[in-house]
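Heads up: the structure comes next, in structure tokens.
Protein chains: 2
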Amino acid sequence: MTTKYLLSEDQIPRAWYNILADLRSPPAPVLHPGTKQPVTPDDLAPLFPMALIEQEMSPEREIAIPDAIRGALALWRPTPLHRAQRFERALGTRSHIYYKYEGVSPPGSHKPNTAVAQAYYNAQAGVRRLATETGAGQWGSSLAFAGALFGLKVTVYMVKVSYEQKPYRRSMMHAWGAEVFASPSDRTQAGRSILAKDPSSSGSLGMAISEAVEVVIGCHGGGSNFSGIALPFARDKLHGKEVRLLAAEPTSCPSLTKGRYAFDFGDTVGMTPLVKMFTLGHEFMPPSIHAGGLRYHGAAPLVSKLLDEKIIEAVAYPQRACFDAAVTFARSEGIIAAPETSHAIKAAIEEAKRADQEGRTRVILFNLSGHGHFDLGAYDAYFAGKLEDFDYPQEAVERSLRSLPAVAM
Amino acid sequence: MTTKYLLSEDQIPRAWYNILADLRSPPAPVLHPGTKQPVTPDDLAPLFPMALIEQEMSPEREIAIPDAIRGALALWRPTPLHRAQRFERALGTRSHIYYKYEGVSPPGSHKPNTAVAQAYYNAQAGVRRLATETGAGQWGSSLAFAGALFGLKVTVYMVKVSYEQKPYRRSMMHAWGAEVFASPSDRTQAGRSILAKDPSSSGSLGMAISEAVEVVIGCHGGGSNFSGIALPFARDKLHGKEVRLLAAEPTSCPSLTKGRYAFDFGDTVGMTPLVKMFTLGHEFMPPSIHAGGLRYHGAAPLVSKLLDEKIIEAVAYPQRACFDAAVTFARSEGIIAAPETSHAIKAAIEEAKRADQEGRTRVILFNLSGHGHFDLGAYDAYFAGKLEDFDYPQEAVERSLRSLPAVAM
Chain A
411 MTTKYLLSED QIPRAWYNIL ADLRSPPAPV LHPGTKQPVT PDDLAPLFPM
461 ALIEQEMSPE REIAIPDAIR GALALWRPTP LHRAQRFERA LGTRSHIYYK
511 YEGVSPPGSH KPNTAVAQAY YNAQAGVRRL ATETGAGQWG SSLAFAGALF
561 GLKVTVYMVK VSYEQKPYRR SMMHAWGAEV FASPSDRTQA GRSILAKDPS
611 SSGSLGMAIS EAVEVVIGCH GGGSNFSGIA LPFARDKLHG KEVRLLAAEP
661 TSCPSLTKGR YAFDFGDTVG MTPLVKMFTL GHEFMPPSIH AGGLRYHGAA
711 PLVSKLLDEK IIEAVAYPQR ACFDAAVTFA RSEGIIAAPE TSHAIKAAIE
761 EAKRADQEGR TRVILFNLSG HGHFDLGAYD AYFAGKLEDF DYPQEAVERS
811 LRSLPAVAM
Chain B
411 MTTKYLLSED QIPRAWYNIL ADLRSPPAPV LHPGTKQPVT PDDLAPLFPM
461 ALIEQEMSPE REIAIPDAIR GALALWRPTP LHRAQRFERA LGTRSHIYYK
511 YEGVSPPGSH KPNTAVAQAY YNAQAGVRRL ATETGAGQWG SSLAFAGALF
561 GLKVTVYMVK VSYEQKPYRR SMMHAWGAEV FASPSDRTQA GRSILAKDPS
611 SSGSLGMAIS EAVEVVIGCH GGGSNFSGIA LPFARDKLHG KEVRLLAAEP
661 TSCPSLTKGR YAFDFGDTVG MTPLVKMFTL GHEFMPPSIH AGGLRYHGAA
711 PLVSKLLDEK IIEAVAYPQR ACFDAAVTFA RSEGIIAAPE TSHAIKAAIE
761 EAKRADQEGR TRVILFNLSG HGHFDLGAYD AYFAGKLEDF DYPQEAVERS
811 LRSLPAVAM
């Protein structure tokens with residue numbers, strides 16, 4: 411029988427975990443794009459309500475979650491944790507593989523975990539309208555959903571290619587009352603700023619697992635779903651527990667595996683604050699793979715710092731191998747994963763294979779960050795043999811890195 | 411805070427509830443289409459494995475669920491039961507409204523509850539390939555999913571209009587390894603036969619509710635999701651408990667509210683066995699509303715018998731009013747419901763309004779039988795003002811009923 415772990419509603423975390431409190435040294439400050447000096451709360455005030463700015467800069471280990479947010483999260487959380495026994499059998503592995511399923515949220519991924527919080531704090535601060543951008547559509551639909559819950563008008567600028575490829579993501583946002591416009595560029599300042607600061611809120615996952623987890627895997631684009639699953643385990647690791655934390659990214663956009671740890675802009679035109687992160691250079695243009703949510707030139711500053719300190723590791727896979735993995739998973743466990751998520755499934759398979767070759771039985775956990783109901787066109791392309799793999803050679807990385815800004819720090 | 415009720419995995423029912431054991435009189439027998447005499451198990455053997463035929467004819471109140479089926483159901487069950495407090499506030503009602511959410515299953519509705527069982531018994535009987543038809547695509551994708559779990563090849567004939575309107579339902583079936591063909595008609599014998607015998611398997615729902623439920627609502631097409639939510643409460647009602655059981659159907663296909671209780675064919679051309687049911691006549695052609703799963707000329711024989719004995723009631727609503735209701739629900743509770751399900755939401759709103767007018771506080775439960783991720787084109791049409799309402803006047807019903815076969819019983 412499949413083993414499924416479900417916490418009760420009163421076990422939804424009462425606080426967000428802030429890994430800053432457990433790091434050996436603070437992360438690099440965020441720099442003002444003009445002065446290239448550390449930004450102050452006042453610099454951010456035009457963009458964000460003060461409660462969010464204070465949270466962003468807080469040194470506290472735990473930040474209390476307001477009841478109104480817990481109430482909204484309870485619409486779909488706690489999300490289930492599954493032991494993937496059919497998948498283990500399909501692979502013929504002796505390792506134990508677990509996945510956390512975030513696709514049960516109304517927008518279908520982990521994104522509303524933070525969208526609900528951001529909408530709440532904005533509503534509290536008297537904001538009446540939010541504008542954002544969205545790449546694959548997950549973030550835009552999550553903010554549209556959160557806006558409906560807290561009475562905010564939401565305007566979404568959706569990357570034109572996704573706007574056309576995924577009309578139903580757009581319809582979903584309309585259903586929640588948001589306005590959606592096709593955008594010629596996903597590089598608006600407001601959108602990127604929100605996308606870059608997706609806080610983690612899955613602090614209670616570890617408690618649900620009675621076995622010692624040895625490998626934790628999340629796919630990696632900007633860092634939000636990976637952080638959600640991995641940061642609570644990073645805390646354990648920082649306190650001495652043996653656990654590997656693995657970020658799986660596409661070979662076509664290898665910010666963690668081939669990028670440089672440097673100050674860079676969050677956007678292409680250089681309007682956002684400068685943050686120290688693993689980056690391919692802000693002028694990097696990723697190819698049009700189907701995992702639209704992973705097509706970002708950089709990585710979240712916290713994830714970057716953890717990688718730089720070797721607390722986490724990173725691997726990259728081409729998209730066809732990831733679809734192979736996702737189809738194996740769909741035919742054994744039933745859930746059709748988002749293309750982004752397929753990278754985590756591929757990494758889980760590779761970790762299980764390696765453990766088998768070493769004659770070991772590992773416990774592997776990955777984040778099934780979203781379903782693929784709006785990405786089935788990509789599955790069609792895969793079955794039709796029309797998916798291409800992209801590699802990003804080192805010389806192209808070097809060329810793209812020339813766009814890095816000169817920073818004295 | 412939203413109140414969500416989740417049973418634990420070991421509370422998944424160990425037996426299916428068979429309401430035949432509690433009925434005052436047995437339902438009318440199923441008749442052979444040629445001889446018009448009651449069918450025997452041997453007549454059904456070419457179509458179904460004997461284990462399913464025995465179950466269909468069993469007088470036992472409880473039928474044990476094999477462990478392999480419980481294991482597969484545990485991939486997504488128990489499904490959550492929610493108190494819809496935001497929806498209650500949006501309506502301004504004093505009644506308590508609950509919904510059971512079946513959209514968390516991998517295919518996105520209640521249909522895999524029976525698809526898994528049917529695939530299992532066929533696999534046990536040595537069947538290697540299943541052929542079926544699907545209307546809106548929910549059933550086809552559920553059987554494709556179930557086939558993947560038990561190693562069966564599945565071939566799906568999908569109604570051409572849905573095949574074209576919902577290409578992603580098709581992709582979903584491909585992802586699980588099924589073949590899908592557009593069908594000029596949804597009237598193949600094999601498909602209808604399976605569709606007509608969707609057993610109920612939500613026997614444990616009542617246990618999760620500590621308050622006395624007074625109104626139970628399901629949308630109604632062929633009868634599967636309505637039966638799943640209502641039959642356990644029908645048992646309570648048959649044993650003296652006061653509870654209303656309400657089937658909500660579209661005005662465009664009003665088999666329960668305007669049909670006749672008579673022997674009729676399950677298919678349009680008259681190949682299937684004859685069953686006694688509420689029917690509009692097997693030559694009835696429903697208009698192309700978006701709730702494709704509710705476009706069926708008849709009703710399940712058990713549901714029909716319960717209606718004839720006034721154990722359940724039926725109401726009909728036009729589709730625009732149902733979309734109004736679904737949008738109110740999406741903006742308060744977050745879940746975007748399937749068009750079929752919107753009929754149950756509409757009925758819940760009407761029941762709450764009536765209770766408020768009477769100065770009463772009712773407890774209302776409805777089955778949120780599936781999400782609308784593959785039906786967002788219908789929401790687009792609704793927002794664009796392009797949805798039409800269809801009524802089916804009594805004279806048209808009379809004309810259609812002339813196709814009823816002459817039966818001596």
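Chains as they are written, first to last, in this note's numbering: chain A, 411 to 819; chain B, 411 to 819. Backbone N, C-alpha and C define an ideal beta-carbon position, used for all residues, glycine too.
K651(A) and A735(A) have their alpha carbons spaced roughly 29 Å apart.
S779(A) is outside the set of residues whose beta carbon lies under 7 Å from a beta carbon in chain B.
P660(A) has its alpha-carbon roughly 7 Å from the corresponding atom of L704(A). Taking the Cβ atoms as the reference, P448(A) lies roughly 16 Å from L457(A), outside the contact range of under 8 Å. Residue-level contact check: I473(A) does not touch chain B, since none of the beta carbons of chain B fall below 7 Å from its beta carbon.
At the C-beta level, A709(A) and M687(A) come within 7 Å of one another.
Close to W586(B), with beta-carbon spacing below 7 Å, are these residues of chain A in chain order: A740, R741. D718(A) is not a Cβ neighbour of L814(A), given a cutoff of 7 Å. Counting the other Cβ atoms within 10 Å of the Cβ of S418(A) gives fewer than 16, which makes it exposed. Membership of Y509(A) in any alpha helix (DSSP H) is not indicated; the residue belongs instead to the beta strand (DSSP E) covering 506-511. Annotated three-state conformation of S435(A) is coil, per DSSP. CA-to-CA, the gap between K414(A) and P490(A) works out to about 7 Å. Proximity of G744(A) to chain B, defined by a Cβ-Cβ separation below 7 Å, is satisfied. Contact annotation for K414(A) against chain B: E419, A484 [CB-CB distance below 7 Å, chain order]. Taking each of M583(B), A794(B), A758(B) in turn and checking the Cα distance to Y508(B), the smallest one comes out for A758(B).
Under the three-state reduction of DSSP output, P490(A) falls in the coil class, being neither helix nor strand. Listed along the chain, the chain B residues whose CB falls inside 9 Å of the CB of F793(A) are S581, H584, A585. Contact between T667(B) and P443(B) fails: their C-beta atoms lie close to 27 Å from each other, not under 8 Å.
Your pair V653(A) and I774(A) does not check out as a contact, with CB atoms roughly 11 Å apart and the cut at 8 Å. Between the stretch 747-754 of chain B and the stretch 745-755 of chain A there are fewer than three inter-stretch CB-CB distances shorter than 8 Å, so the stretches are not counted as touching.
Taking 7 Å as the upper bound on Cβ-Cβ separation, chain B lies near residues V514, P516 of the stretch 501-522 of chain A.
In this structure, the beta-carbon distance from I463(B) to W426(B) does not fall below 7 Å. For M687(B), the uninterrupted beta strand (DSSP E) segment begins and ends at 684-689. Annotated three-state conformation of S752(A) is helix, per DSSP.
Y531(A) has its alpha-carbon roughly 18 Å from the corresponding atom of E470(A). The straight-line gap separating the alpha-carbon atoms of A726(A) and P664(A) is approximately 7 Å. A residue is called buried once 16 or more other Cβ atoms fall within 10 Å of its Cβ, and D677(B) is buried on that count. Collapsing the DSSP output to three states places L457(A) in coil. Between M583(A) and S551(A), the C-beta gap is smaller than 7 Å, which places the two residues in contact. What V653(B) touches in chain A, judged by beta-carbon distance under 9 Å, is nothing: the nearest beta carbon there is about 26 Å away. Secondary structure of N428(B) (DSSP, three-state): coil.
Listed along the chain, the chain B residues whose CB falls inside 8 Å of the CB of V737(A) are A585. Under the Cβ criterion (8 Å, minimum of three pairs), the stretch 535-547 of chain A does not count as touching the stretch 798-815 of chain B.
Neighbours of A558(B) in chain A, taken as residues whose beta carbon is under 9 Å from its own, are A740, R741, S742, G744 in chain order. Ranking V569(A), P451(A), G638(A) by CA distance to the CA of I429(A) puts G638(A) first. Beta-bridge partners assigned by DSSP to Y415(A): L491(A).
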